[in-house]
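Residue numbers (my numbering): 177 to 303.
Scroll down for the structure; my scribbles are underneath it.
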Ligand SMILES: [Zn+2]
């Protein structure tokens, strides 16, 4: 079972109530009957009037090691790479994945620990 709950955007509902309330109320009347109002809300929920706007998914592009074939996020590759090269004086010069890396740069796989040249680390695109 992978049934997602249906969400509504509370702000859209409140705006709709406000607009409906103001526009549908003739002076001196008590407005829509409760049953009529609930039917209208139900109809608009069915129409998607209050559906939330889609939330953009974060961009997570895992990098695949050509040695062990495992994929890991960029941060894990960079953490391992810094640990590996960190003994050098040039710690600030360590090139990180996803920055200004070039073909000749090498990175350390966080899974198998193998040193991988950039062209051997495959970026797996998001679906
Ligand atoms: Zn690996």
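Every residue gets a Cβ at the ideal spot worked out from N, C-alpha and C, and that includes glycine.
Per-residue DSSP class, three states only, for residue 284 = Look at residue 284 here: in three-state DSSP terms it is strand.
Helix, strand or coil at residue 297 [DSSP, three-state] = Of the three classes helix, strand and coil, the one that applies to residue 297 here is coil, per DSSP.
Collapsed DSSP secondary structure at residue 225 in the structure displayed = Residue state, collapsed to three classes: coil.
For residue 255, collect the residues of the same chain with a Cβ closer than 8 Å to its Cβ; drop the 5 residues on either side in sequence, then sort them by chain order.
-> So the list reads 286, once near-sequence residues are dropped.
Rounded to whole angstroms, what's the CA-CA distance from residue 197 to residue 228? Just pull it up for me.
-> Approximately 22 Å between the Cα atoms of the pair.
Own chain residues within Cβ distance below 8 Å of residue 301, not counting five before or after = Cβ within range, chain order: 237.
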